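A.B. asks: What follows is a single structure, and I will ask about it in a moment.
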Amino acid sequence: MNRQQLTQASTIAENLYEFYRVFGTAKNYRLIKENNYEMIYAGDKSWPQMLFNINQNINPYILIPKISEHISSEQAAPFFIAPESYISRNHTELLKENLITPVKILIGMNITPQKNNGHTIPPDCKISELEDDRHLADFSQLISEEFIGSNMLFNNMVLSEIKTNKEIKMTGLFSRNTLTSAMLILLKNGIAGLYFITTKKEFRNKGYATILIQFILNQLFQNGIKEVVLHANHSSFGLYQKLGFKNHSRFIIYKNSGYER
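Numbering (our numbering), first residue to last: 2 to 262.
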């Protein structure tokens, strides 16, 4: 990577880490800062239990065994995330020796201000912030189904708890008063991060998510935001690329199989 690419990758990573830190303010969560990484720990074992912001100045052969030992002793969350540039394919044996398995790839992407595309909202739709507890509960259910999976809980109350954070906004697209698509927006240091972009199953592949994303992008850029970032998986990468997002980095989420709580 050249210097500009490294800066962009760093910005994307830091926004992701700020996203995790927000959850450290919720009731059942703790933000723990160790010497060489940070960690979100959930008392009710719900998502996110994540170790992040690893000190990349330390050789993986030194740090990864320490992380694995910390996790295996049940003093840390079972998952951790690291840039692919830090733990490469050359470290396969290191991961295997420490009972660490990659479970998900996230693609760090960004977009900078562009001309308003003039995309219109269908007459039977509206876009508004999610304030009502019922709508937040619907959003929580969508997050649980699409992002968390059956192997970990998502605390249904956490969105209500973090919505008081002035840096967080939750926005949804409604069709005939039914929430169809939604997302969480983190505004930090002049950068907007888009998270949990999700659509109800019966409304997928009908363009609702695209309408919501384009509306939010236009709104953010009109309000002076200079860069918007997100973290795509392989199924959503193509959509974000069509909308103008550029690929800058990859992150791997790992799980330690020695964690047996």
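The beta carbon of each residue, even a glycine, is placed where N, CA and C say it ideally should be. These numbers come from a predicted model, not from an experiment.
Identify every residue that forms a DSSP beta bridge with K105.
C.D. replies: Per DSSP, I254.
A.B. asks: Check the DSSP bridge columns for G173 and list the partner residues they point to.
C.D. replies: The partner list for G173 (beta bridge, DSSP) reads S129, A183.
A.B. asks: Which runs of the alpha helix (DSSP H) at least 4 residues long sit entirely within the region 67–106? Give them in chain order.
C.D. replies: Qualifying alpha helix (DSSP H) stretches, in chain order: 93–98.
A.B. asks: Alpha carbon to alpha carbon, how far is L143 from S182?
C.D. replies: Approximately 9 Å, taken between the alpha carbons.
A.B. asks: For the region 28–44 against the region 206–219, are there 3 or more C-beta pairs whose distance is under 8 Å?
C.D. replies: With the cut-off at 8 Å, the region 28–44 and the region 206–219 do not touch.
A.B. asks: Which value, in whole angstroms, describes the spacing of the CA atoms of F246 and Q115?
C.D. replies: So the alpha carbons of these two residues sit roughly 11 Å apart.
A.B. asks: Look at the alpha carbon of G44 and the alpha carbon of L17, and state the distance between them as a whole number of angstroms.
C.D. replies: C-alpha separation (whole angstroms): 22 Å.
A.B. asks: Does DSSP classify S11 as helix, strand or coil?
C.D. replies: S11 falls in the helix class under three-state DSSP.
A.B. asks: So, using beta-carbon positions, are Y196 and L185 closer together than 9 Å?
C.D. replies: For Y196 and L185, yes; Cβs fall inside 9 Å.
A.B. asks: Put T165 into one of helix, strand or coil per three-state DSSP.
C.D. replies: If DSSP states are grouped into helix, strand and coil, T165 belongs with coil.
A.B. asks: Where DSSP assigns a beta bridge to E35, which residues make up the other side?
C.D. replies: Paired residue(s): none; E35 is not in a bridge.
A.B. asks: The beta strand (DSSP E) with A233 in it runs from where to where?
C.D. replies: Residues 228–233.
A.B. asks: Within 10 angstroms of its Cβ, does G194 collect 16 or more other Cβ (buried), or is it exposed?
C.D. replies: Answer is buried; the Cβ neighbour count reaches 16.
A.B. asks: Report yes if the CB atom of V229 is closer than 9 Å to the CB atom of I192, and no otherwise.
C.D. replies: Their beta carbons are under 9 Å apart, which means V229 touches I192 by this criterion.
A.B. asks: Can you tell me where the alpha helix (DSSP H) holding N217 begins and where it ends?
C.D. replies: The residue you asked about is not Asn; residue 217 is Ile in the sequence shown. It spans 209–223 - the alpha helix (DSSP H) in which I217 sits, taken as one unbroken run.
A.B. asks: Report the option in Q76, K243, R205, A83 whose CA atom is closest to the CA atom of N56.
C.D. replies: That would be A83, whose Cα lies nearest to the Cα of N56.
A.B. asks: Rounded C-beta distance between H249 and G109? I'm assuming under 8 Å.
C.D. replies: Confirmed, Cβ separation roughly 5 Å.
A.B. asks: I254 and K105 look like a contact to me (Cβ under 8 Å); what is the Cβ gap, rounded to whole Å?
C.D. replies: The Cβ separation is near 4 Å, so the contact holds.
A.B. asks: For E146 versus K202, is the C-beta distance shorter than 9 Å?
C.D. replies: For E146 and K202, yes; Cβs fall inside 9 Å.
A.B. asks: Taking Cβ positions, are Y264 and P49 nearer each other than 9 Å?
C.D. replies: Coverage of the chain is limited to positions 2 through 262, which leaves residue 264 absent and any answer about it impossible.
A.B. asks: Across the region 125–145 and the region 157–169, are there enough close Cβ pairs to call them in contact, namely three or more that are closer than 8 Å?
C.D. replies: Yes: the two stretches touch, three or more of their Cβ pairs being nearer than 8 Å.
A.B. asks: On the three-state DSSP scale, how would you describe A193?
C.D. replies: Strand.
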